[in-house]
Amino acid sequence: MPSALPPAIQAQNSSQALTVKSDIQEANSETGIITARGNVTVNYPARNIQATSAQAQYFSQERRLVLSGNVYVVQNGNTIRAETMTYLIDEGRFIATPQNKGQVESVYLVED
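Counting with this note's numbering, you get residues 1 to 112 for the letters of the sequence shown.
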């Protein structure tokens, strides 16, 4: 892994690691941007997040993950489906956008 990446990405066996698997990956050590394409899966145990998408980009300097293409995210049993989703790691915040004329779908577990 390029040295520009934060310890969370480098520590592959840690529960703090954000793991990205895909058909193809590119990493730019100058910009700190990792791009994954094709059958992307993301696992982030520290935040109990699992996701799938067609493409993912991790911006290490901004600690921002952008998923695009049939995005599906599960966190603590809650789910979100969207065309594009940005996860701001430091804020713990998701920003989801639909395809043109579409909608984002979220399902939340609500206790009785």
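Just so you know, even glycine gets a beta-carbon here, dropped at the ideal spot from N, CA and C.
Values in this document were obtained by computation on a predicted structure and should not be read as measured data.
task: Return helix, strand or coil for ALA17, following the three-state DSSP convention.
output: coil
query: What residues match up with VAL73 in a beta bridge as DSSP calls it?
result: Looking at the DSSP assignment, VAL73 forms a beta bridge with ALA51 and ILE80.
- request: In the DSSP assignment, find the unbroken beta strand (DSSP E) run with SER29 in it and report its ends.
  value: Note, SER29: premise wrong, no beta strand (DSSP E); not H, not E.
Bridge partners - VAL66, DSSP secondary structure assignment: GLN57 and THR86
field: Closest residue to ASN28 among GLN61, ALA96, GLU83 and GLY77 (Cα-Cα distance)
entry: GLN61
field: Proximity to ASP90 [Cα-Cα], best of PHE59, PRO98, ARG37 and VAL42
entry: PHE59
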